[in-house]
Ligand code: ADP
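Residue numbers (the working numbering): 1 to 275.
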């Protein structure tokens, strides 16, 4: 199988037309920072909890810049071979297949390593020479070094995770990137995102945002992750499609947060009062 056909962990987005530009509501100066980083070919690390718009932002910027985006969702099995390439047996021959990173380096795409800290450490070693002045990729299996195309850019995301259970990123790796923090948008912006993403009315959007902020402030519950914008968007979609509000909030916001039946009931009661 061609490595490009394995879409389980990769997304190849073609350069879109104007119509296809994804909706993104800027929350700070991130667009300006990205444009300047792109101009200077500086790699960017997007830090922040899951569901705070990091992926959407990269998608939006790639569209804005008219560049191909290659997204690699990193997990504990992701190794440098997956990124750089491998030899495969084809009939009686052994053929080299470029991995997505090698293709991007050669042709000048934006590569987004989503959750880089989850990947195997050899990935960090592989991107070293791409994240400093050398801007080149060493393919050890071929003994070749490739100079990066002038349009190549590397973006990575990382969830710092204030509670235990999250993998850390070494300071020496972090210092190879400029960094942008992502967090939950201001209430007004988050309500606007919900309305724009789902078509839900403003009043309901505001109530959902109030619920989220209430739960986000309940730090004593010891939740590993709290209510993300993504969960709110899901709740808003269900409500917009006609599922009763309380049920929508329960299945999209409360249940994904915890498996503790007492906490679920307490949160569901709280949400019922607020929606
Ligand atoms: P992350 O990559 O941080 O886990 P995503 O980019 O996948 O999060 O965001 C999850 C969802 O939240 C998006 O699909 C989108 O619906 C919504 N979202 C979050 N922030 C924004 C934003 N600033 N503008 C538009 N949509 C947003």
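Quick reminder that beta carbons are idealized off the backbone N, C-alpha and C, glycines included.
DSSP three-state assignment for residue i, whether helix, strand or coil
i: residue 34; result: helix
i: residue 98; result: strand
i: residue 252; result: helix
i: residue 23; result: coil
i: residue 4; result: In this predicted model, residue 4 has a pLDDT of only 36, less than 50, meaning its place in the structure is not dependable enough to derive any value.
i: residue 275; result: coil
i: residue 12; result: Caution applies to residue 12, whose pLDDT of 38 falls short of 50 and renders its modelled position unreliable; the model cannot decide the point.
i: residue 17; result: Caution applies to residue 17, whose pLDDT of 43 falls short of 50 and renders its modelled position unreliable; the value that the coordinates give is listed next. Looking at residue 17 - three-state DSSP - the assignment turns out to be coil, as it is neither helix nor strand.
i: residue 186; result: coil
i: residue 129; result: helix
i: residue 56; result: helix
i: residue 200; result: coil
i: residue 124; result: helix
i: residue 119; result: coil
i: residue 247; result: helix
Supposed close pair residue i, residue j - CB separation, criterion 8 Å
i: residue 48; j: residue 183; result: 6 Å
i: residue 221; j: residue 263; result: 6 Å
i: residue 234; j: residue 27; result: That pair is no contact at about 20 Å.
i: residue 254; j: residue 271; result: 6 Å
i: residue 59; j: residue 22; result: 5 Å
i: residue 111; j: residue 104; result: 5 Å
i: residue 274; j: residue 200; result: Not really, about 15 Å apart at Cβ, beyond 8 Å.
i: residue 30; j: residue 180; result: 5 Å
i: residue 142; j: residue 129; result: At roughly 15 Å, the Cβ-Cβ gap does not stay under 8 Å, so residue 142 and residue 129 are not in contact.
i: residue 67; j: residue 109; result: 6 Å
Per DSSP, cross-strand counterpart(s) of residue i
i: residue 158; result: 47
i: residue 89; result: 94
i: residue 179; result: 45
i: residue 139; result: 144
i: residue 153; result: 110
Short Cβ contact (9 Å threshold) for residue i with residue j
i: residue 84; j: residue 102; result: yes
i: residue 43; j: residue 126; result: no
i: residue 193; j: residue 51; result: no
i: residue 227; j: residue 215; result: yes
i: residue 277; j: residue 173; result: Summary: the structure shown does not reach residue 277, with the chain confined to residues 1 through 275, and so no result is reported for it.
i: residue 122; j: residue 80; result: yes
i: residue 148; j: residue 25; result: no
Chain B contact for residue i (CB, 9 Å cutoff)
i: residue 69; result: Of the chains in the structure shown, none is chain B; there is only one protein chain.
Residue i versus the options, residue with shortest Cα-Cα distance
i: residue 34; options: 226, 153 and 80; result: 153
i: residue 256; options: 137, 275, 246 and 225; result: 225
i: residue 219; options: 246, 180 and 267; result: 267
i: residue 260; options: 223, 197, 117 and 39; result: 223
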